[in-house]
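Numbering (the working numbering), first residue to last: 1 to 105.
Built from N, CA and C at the ideal position, the CB exists for glycine as well.
Just so it is clear, the structure is predicted and the values come from calculations on it, not from any experiment.
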């Protein structure tokens, strides 16, 4: 995590949130996350929370994006709960198998 944070800080990103999450994740204390921002770009760095590498984006309205993706026939690995509001996320994969998470705060 430290090497990734250092790398993205050199690219102009700053940490705006982060911590450790022990509940429900396999690595316990080794599970950590950082949210970083540069101008209008927000990225998430996660360690120990997902089995594979994952790219994250932080949209304003993940539910409307989900409706558009489903209408276009894009399969979602994890769908956002549509009958709620506030923080939620969805996960999909690109054609090469890379996971992408859209994570609304």
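Would you list the one or two residues that DSSP bridges to residue i?
i          : result
residue 57 : 102
residue 76 : 92
residue 1  : Its beta-bridge partners do not exist; DSSP assigns none.
residue 34 : 18, 45
For residue i, does the count of other Cβ atoms within 10 angstroms reach 16, so buried, or fall short, so exposed?
i          : result
residue 77 : exposed
residue 55 : exposed
residue 64 : exposed
residue 3  : exposed
residue 32 : buried
residue 7  : exposed
residue 80 : buried
Let me check understanding here. Comparing Cα to Cα, which of the options lies closest to residue i?
i           : options        : result
residue 128 : 57, 14, 82     : This structure cannot speak to residue 128, because the chain is shown only from 1 to 105.
residue 87  : 19, 105, 74    : 105
residue 92  : 85, 82, 66     : 66
residue 42  : 57, 10, 50, 33 : 57
residue 82  : 61, 52, 20     : 61
residue 97  : 19, 20, 53     : 53
residue 20  : 10, 1, 72, 71  : 1
residue 74  : 84, 85, 59, 95 : 95
Helix, strand or coil for residue i, going by three-state DSSP, please let me know.
i          : result
residue 50 : coil
residue 43 : strand
residue 17 : strand
residue 27 : Any answer about residue 27 is weak, because its pLDDT of 49 lies below 50 and its placement is not dependable; what the coordinates show is given next. Three-state DSSP puts residue 27 in coil, outside helix and strand.
residue 81 : coil
residue 69 : helix
If contacts are defined as beta-carbon pairs under 8 Å, then residue i and residue j qualify, I think. What distance do you get, rounded to the angstrom?
i          : j          : result
residue 44 : residue 35 : 5 Å
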